[in-house]
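Enquirer:
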Amino acid sequence: MIVSTQKAVELIQSGNVVAIPTETVYGLAADAANVLAVRKIFELKRRPADNPLIVHVAETVQIPAFTDISSETLSKLINQFWPGPLTLVLPKQPTVLDIITAGLDTVALRMPDHPIALAVIKHAGPVAAPSANRSGRPSPTRPEHIAEDLGPELPIVDGGVCDIGLESTVLDITGSTPTILRPGKITAEEIGDLLGTEVERSPSSRGQTKRSPGTRYSHYKPNADVQWMTSLPLSSHNTNCLHIYHTEKPGDEGSNIIYFNRNYEELARSLYDIYRTADQKNYSRILVEPLPDTALSPLIPAIFNRIERSVSQ
Ligand code: TXA
Ligand code: MG
113 MIVSTQKAVE LIQSGNVVAI PTETVYGLAA DAANVLAVRK IFELKRRPAD
163 NPLIVHVAET VQIPAFTDIS SETLSKLINQ FWPGPLTLVL PKQPTVLDII
213 TAGLDTVALR MPDHPIALAV IKHAGPVAAP SANRSGRPSP TRPEHIAEDL
263 GPELPIVDGG VCDIGLESTV LDITGSTPTI LRPGKITAEE IGDLLGTEVE
313 RSPSSRGQTK RSPGTRYSHY KPNADVQWMT SLPLSSHNTN CLHIYHTEKP
363 GDEGSNIIYF NRNYEELARS LYDIYRTADQ KNYSRILVEP LPDTALSPLI
413 PAIFNRIERS VSQ
């Protein structure tokens, strides 16, 4: 059910959950100070209780309730990247609700770069907001995806198609070396240049899921078998198979052949929509052209991470 920004503020203030657009993906927002409201997020998404949520703020005055703002690293990152697709894992204030942090002593914070999200959070106060999908499904990048997963009654503020299409970079700055837990549009290089330090990439952020403790939650795999292509371009295109090219121009054309012509922003924006459509159309396989060197686009590590985690082993 589509609602206005004003209605979303009222609903959040009265303890309800509302889907709101951000520049990355849609979030399912609840008042970060209301335990019962935050509990509704876990119930609706069927999210495991030990997977913590990101708190979203709209203004710097909203930060001190969640973390000590005196850190120089934090100030630099905020000045450079907020509002924007960078989530920071920080030491939490004792008053932060345990249901949000899943009992950890850290809290994840982000200021989204989207006028609707900022307006809602400015008026309703900080919100806890995971991606607005059923747990185990791809993050929603359009309002239709949310209704598909969470039902037609859920209030949604319509912001159209999300601009980035992949979730924010998650950066842990609680240790001696800043560590990327999840790659996103803001890259390790950009962060390293700003801070003048090395930035660690955790195994899960490189797409290797097996040894990483942070990836114990099932990640979305379409029903179709996702595989990287082994020869390029393919000489024949099976109709049961969806083909994704980005650099090599395919010889054929058809509804099962998608070509991004090196437009990695468009590939990131469409990836989850393609996965959802592939399931609706009952494709048995999705073949993806292997990704080139990261130098071609800053989005490549994030795209690689999301695709690699859905590749059938
Ligand atoms: O772009 C985004 O980040 C979107 C939009 C809605 O803002 N949100 C999002 O939330 O992707 P979610 O809940 O789907 O993913 C949050 C990730 C999870 O992998 C969670 O485990 C991790 O952040 N996370 C949250 N709090 C954490 C903490 N205190 N320490 C480590 N990881 C944390
Ligand atoms: Mg999510």
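Add 112 to the 1-based position in the sequence shown for the numbering used here, that's all there is to it.
Backbone N, C-alpha and C fix where the C-beta goes; we use that ideal spot for every residue, glycine too.
As the structure is a prediction and not an experimental result, all values here were calculated from the model.
What is the DSSP secondary structure of residue 289, counted as helix, strand or coil?
Expert: Residue 289 falls in the coil class under three-state DSSP.
Enquirer: Please state the DSSP three-state secondary structure of residue 222.
Expert: Note: residue 222 maps to strand in three-state DSSP.
Enquirer: If we ignore side chains and look at the alpha-carbon of each, how far apart do residue 325 and residue 185 end up?
Expert: With a pLDDT of 45 at residue 325, under the threshold of 50, the modelled position of that residue is not reliable, and the figure given next carries that caveat. Near 26 Å, if we compare the C-alpha coordinates of residue 185 and residue 325.
Enquirer: Would DSSP call residue 208 helix, strand or coil?
Expert: Coil, per DSSP.
Enquirer: With DSSP run on the structure shown, which of helix, strand or coil describes residue 301?
Expert: If DSSP states are grouped into helix, strand and coil, residue 301 belongs with the helices.
Enquirer: List the residues that DSSP assigns as beta-bridge partners of residue 199.
Expert: Residue 199 pairs with 282.
Enquirer: With three or more C-beta pairs closer than 8 Å as the rule, is the stretch 245–261 touching the stretch 214–223?
Expert: Cβ pair count under 8 Å is below three, so no.
Enquirer: Please report the straight-line C-alpha distance between residue 424 and residue 282, rounded to a whole angstrom.
Expert: Answer to the nearest angstrom: the Cα atoms are 25 Å apart.
Enquirer: Taking the alpha carbon of residue 174 as the point to measure from, which residue in 153, 161, 143 has its own alpha carbon closest?
Expert: If we check each option's Cα against that of residue 174, 143 comes out closest.
Enquirer: Is the CB-CB distance between residue 199 and residue 221 below 8 Å?
Expert: Going by C-beta atoms, residue 199 is nearer than 8 Å to residue 221.
Enquirer: If we ignore side chains and look at the alpha-carbon of each, how far apart do residue 280 and residue 294 end up?
Expert: Distance between the alpha carbons of residue 280 and residue 294: 8 Å.
Enquirer: Compute the distance between the beta-carbons of residue 357 and residue 371, then report whether it is under 8 Å.
Expert: Yes, the Cβ-Cβ distance between residue 357 and residue 371 is below 8 Å.
Enquirer: Tell me the rounded alpha-carbon separation between residue 276 and residue 136.
Expert: Their Cα atoms are separated by approximately 5 Å.
Enquirer: For ligand 1, is there any heavy atom lying closer than 7 Å to the beta carbon of residue 254?
Expert: No, Cβ of residue 254 sits at least 7 Å from all heavy atoms of ligand 1.
Enquirer: Measure the alpha-carbon distance for residue 263 versus residue 257 and round it to whole angstroms.
Expert: Answer to the nearest angstrom: the Cα atoms are 10 Å apart.
Enquirer: Assign residue 371 to one of three DSSP states: helix, strand, or coil.
Expert: Residue state, collapsed to three classes: strand.
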